[in-house]
Amino acid sequence: MTKFLFDPAPQAAVAIAGLDVLFPVARIFCVGRNYEDHAKEMGLAVDREKPFYFSKSTTTLRPSGANIPYPPGTNNYHFEMELVLAIGAPAFKIAAADALSAVFGYACGLDMTRRDLQLSERAKQRPWTLGKDVEASAPVSAIARASVIGHPAKGAIVLRQNQQTRQSSDIDQMVWSVPEIIAHLSGFYHLGPGDLIFTGTPAGVGPVAPGDLLEGSIAGVGELSVTIGEAQ
Ligand code: MN
Numbered sequence: 000m001t002k003f004l005f006d007p008a009p010q011a012a013v014a015i016a017g018l019d020v021l022f023p024v025a026r027i028f029c030v031g032r033n034y035e036d037h038a039k040e041m042g043l044a045v046d047r048e049k050p051f052y053f054s055k056s057t058t059t060l061r062p063s064g065a066n067i068p069y070p071p072g073t074n075n076y077h078f079e080m081e082l083v084l085a086i087g088a089p090a091f092k093i094a095a096a097d098a099l100s101a102v103f104g105y106a107c108g109l110d111m112t113r114r115d116l117q118l119s120e121r122a123k124q125r126p127w128t129l130g131k132d133v134e135a136s137a138p139v140s141a142i143a144r145a146s147v148i149g150h151p152a153k154g155a156i157v158l159r160q161n162q163q164t165r166q167s168s169d170i171d172q173m174v175w176s177v178p179e180i181i182a183h184l185s186g187f188y189h190l191g192p193g194d195l196i197f198t199g200t201p202a203g204v205g206p207v208a209p210g211d212l213l214e215g216s217i218a219g220v221g222e223l224s225v226t227i228g229e230a231q
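Shown next as structure tokens:
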């Protein structure tokens, strides 16, 4: 039996609504600019030729109810409320028409972002790692199983900050639909059980401060809440 030099990191996992087992997470993919109104507020047009992606480390996951520290190296830490897909079956070069069969379920997620660094990285045509792969930057609600809720193509997506509504849209406003995202991404990766895909955020993103309460919801999927902790 192989021994490790030190204890490996704990397996990243997300709760599953109505089940007492966890969904072990393999990878986290994120779609960029998937709502036209958000692309516009970022000063860019949506690319309708193909979606693009970045990724976050699985160690960035946090459960709903967590206190998320305000990370170092930023003065402009932003919320981005998103629908998250949980992949439950292998999908490689899958057609959009078949893609939903690979979805285990759906969750609410926040793609917390060092906006100042993301924009300066973007301006210099550098990768978005410091802007996006931020420690504790991926709080995700319990996964609602597709076998229970179906495959929502429509539903209000809302983010409230200290009881004020900041983001309010509908997941039917996504430029690239859930089947289209899976079909496209599966042309580059052997997607499989444990992969999460953040599907992009609507307009209204904005900065947080220590002490803030963020509450997100997606109709038919679930709810998520986190508080922002002290600056590190
Ligand atoms: Mn995002």
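Numbering (numbering that gives the first Met the number 0), first residue to last: 0 to 231. Ideal Cβ positions, reconstructed from N, Cα and C, are used throughout, including at glycine.
Residue i - containing alpha helix (DSSP H), residue span
i, result
"P178", "V177 to L184"
"Q117", "R114 to A122"
"E214", "Element bounds for E214: not the alpha helix (DSSP H) but the beta strand (DSSP E), L212 to I217."
"R131", "According to the sequence provided, residue 131 is Lys. The question's Arg does not apply to it. Its alpha helix (DSSP H) spans residues T128 to K131."
"I148", "A145 to I148"
"D46", "Element bounds for D46: n/a, residue is neither H nor E."
"A98", "A95 to A98"
Member of the options whose CA lies at the smallest distance from the CA of residue i
i, options, result
"V220", "V139, V204, Q166 and V30", "V139"
"P7", "D19, V20 and T58", "T58"
"S54", "N33, I27 and N75", "I27"
"G199", "G215, L109, A152 and A122", "L109"
"A135", "Q231, E120, S176 and E222", "Q231"
"E179", "T1, V102 and I67", "V102"
"G193", "F5, V24 and Y105", "V24"
"G44", "Y52, S56 and G31", "Note that residue 44 is Ala in the sequence shown here, rather than Gly. Of Y52, S56 and G31, the residue nearest in Cα terms is G31."
"K92", "S216, L184 and S63", "L184"
"A14", "M80, L99, W127 and S63", "S63"
"N75", "L99, M111, Y52 and V83", "M111"
"A65", "S216, A137, D115 and A106", "A137"
"P50", "H150, Q117, S176 and E81", "S176"
"E229", "E81, A106 and G210", "G210"
"A141", "S216, C29, F5 and D169", "S216"
"T73", "A106, A16 and Q117", "Q117"
"I196", "P9, L18, A94 and L99", "L99"
CB of residue i within 8 Å of CB of residue j, strictly
i, j, result
"I156", "A90", "no"
"Q166", "L213", "no"
"A12", "F22", "yes"
"E48", "V174", "no"
"G130", "R113", "yes"
"Y52", "I227", "no"
"I170", "L84", "no"
Limits of the beta strand (DSSP E) - the one that residue i falls within
i, result
"E229", "G221 to A230"
"A164", "The sequence shown places Thr at residue 164, rather than the Ala named in the question. First-last of the beta strand (DSSP E) with T164: Q163 to D169."
"E81", "M80 to I86"
"K55", "F51 to K55"
"D232", "Since the first and last residues shown for the chain are 0 and 231, residue 232 lies out of range."
Outcome for residue i when other beta-carbon atoms lying within 10 angstroms are tallied against a minimum of 16
i, result
"S146", "exposed"
"H77", "buried"
"V133", "buried"
"A218", "exposed"
"V20", "exposed"
"G104", "buried"
"R61", "buried"
"L18", "exposed"
"R144", "buried"
"E232", "The displayed coordinates of the chain run from 0 to 231. Any statement about residue 232 would go beyond what the structure contains."
Legend entry - Touch test, the region 26 to 41 against the region 195 to 209, Cβ-Cβ under 8 Å, three pairs minimum: Contact between the region 26 to 41 and the region 195 to 209 is present: 3 or more CB-CB pairs across the two stretches fall below 8 Å.
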